[in-house]
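Q: Before we start, here is the structure in question, set down as structure tokens.
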């Protein structure tokens, strides 16, 4: 179903780790650590500045992978992993893009399931990879049938 999309990437999109967005995100997830929002705490930390929560990259814009057609409803978020080279610093600019890493299918008691693996990546201005977030999207039999109509 998506085998031909493996390797496709979106164009890089500039994102900023904005202080206000970081604070709102931390509040929304219930992590009120001052390392995210208090400037004095950030200055005294081992990083010398404020950082973003580990799952903050969920809010970034990764662009559009041309030709990748996903249904607007019925998809299941299977799992997600984050890998960091270092924390994301409040105020820094990142260049983010998405890439189709894999697609495979498995038979289950609920029918044939599709597993689409997408990597969201963030680089600094010099092109150094700072993080990768890998998500697995599950496409169940009902969604597969609706897509083929």
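Residue numbers (the working numbering): 119 to 267. Note that CB positions come from ideal geometry on N, CA and C, so glycine has one too.
Quick one: complete alpha helix (DSSP H) runs, 4+ long, within the segment 125-187?
A: The qualifying runs are 137-147 and 157-162.
Q: In angstroms with no decimal places, state the Cα-to-Cα distance between residue 132 and residue 227.
A: The straight-line gap from Cα to Cα measures roughly 43 Å.
Q: From which residue to which residue does the beta strand (DSSP E) around residue 219 run?
A: From DSSP, the beta strand (DSSP E) with residue 219 extends over 211-226.
Q: How should residue 170 be labelled, buried or exposed, when 16 other C-beta atoms within 10 angstroms of its C-beta is the threshold for buried?
A: So residue 170 counts as buried.
Q: Can you check whether the CB of residue 212 is closer than 9 Å to the CB of residue 255?
A: No, the Cβ-Cβ distance between residue 255 and residue 212 is not below 9 Å.
Q: For residue 153, collect the residues of the same chain with a Cβ closer than 7 Å to its Cβ; drop the 5 residues on either side in sequence, then sort them by chain order.
A: So the list reads 159, 160, 163, 168 and 169, once near-sequence residues are dropped.
Q: Measuring alpha carbon to alpha carbon, tell me which residue in 229, 242 and 122 is nearest residue 186.
A: Minimum Cα distance to residue 186 is reached at 122.
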